[in-house]
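Participant:
Numbering (this note's numbering), first residue to last: 13 to 225.
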């Protein structure tokens, strides 16, 4: 048992060091949607695969998902970009889910604090429906939901399906904006900005209603 704990600690330290190194390298690539698009198009034949790998591992290096989604829309267009973003975010959620399972409740709760307990209670009692809800209405950070879900009784299938379905609306909003981000004077860009701002207000309005209620 002691050897297992030491091995687990060593593995964690190695992963942290790798994540710090990779994050520093990735910051240049994902500093803007245009930079990430350029990186993907340099490797055009493998661009879809590279994007999915980058998106899936994003949760390990704590980079903003929105930047990836904007770059996806800019590179692949709003429809294909939406699908790839939803798949990529689902994969990143699954990775976070299993990391949480591996390192256990105490470790993840130290990172997430009370958010872990709140998500635990919600998902444990309502399963896939609340996973979809928490993805559509992001009242809690995406990665926090993924890590905390690994501490609950929800199975991986329900979590993955809920994440995929719930990620689609937000993925479309970001990708639609990303696909029009280079055309500042177009009607489509103005519409995409209005949609983006409107959707961004949803969690704020929801929290306000809950607080008042």
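Just so it is clear, CB atoms sit at the ideal spot from N, CA and C, and this is done for glycine as well.
Here the structure is a predicted model, which means the values were calculated and not measured.
Quick check on the DSSP output: the alpha helix (DSSP H) that includes residue 149 runs from which residue to which?
Facilitator: Neither: residue 149 is in no alpha helix (DSSP H) and is coded neither H nor E.
Participant: Specify, as a first and last residue, the run of the alpha helix (DSSP H) that residue 201 falls within.
Facilitator: Taken as a continuous stretch (DSSP letters only), the alpha helix (DSSP H) holding residue 201 covers 199 to 224.
Participant: By Cβ distance, which residues of its chain are closer than 7 Å to residue 173, with the 5 residues on each side in sequence left out?
Facilitator: Closer than 7 Å at Cβ, skipping near neighbours: 140.
Participant: Put residue 193 into one of helix, strand or coil per three-state DSSP.
Facilitator: Note: residue 193 maps to coil in three-state DSSP.
Participant: What number of angstroms, rounded off, separates the C-alpha of residue 194 from the C-alpha of residue 44?
Facilitator: Rounded to the nearest angstrom, the two C-alpha atoms are 12 Å apart.
Participant: What's the gap between the Cα of residue 145 and the Cα of residue 100?
Facilitator: Looking at the two C-alpha atoms, the distance is approximately 19 Å.
Participant: Measuring straight from C-alpha to C-alpha, what distance separates residue 191 and residue 83?
Facilitator: Approximately 8 Å between the Cα atoms of the pair.
Participant: From this set, 148, 165, 171, which residue's C-alpha is nearest residue 158's C-alpha?
Facilitator: It is 171 whose Cα lies nearest to the Cα of residue 158.
Participant: What do you reckon, are the CB atoms on residue 189 and residue 169 nearer than 9 Å?
Facilitator: No, the pair does not count as a contact, with Cβ atoms beyond the cut-off.
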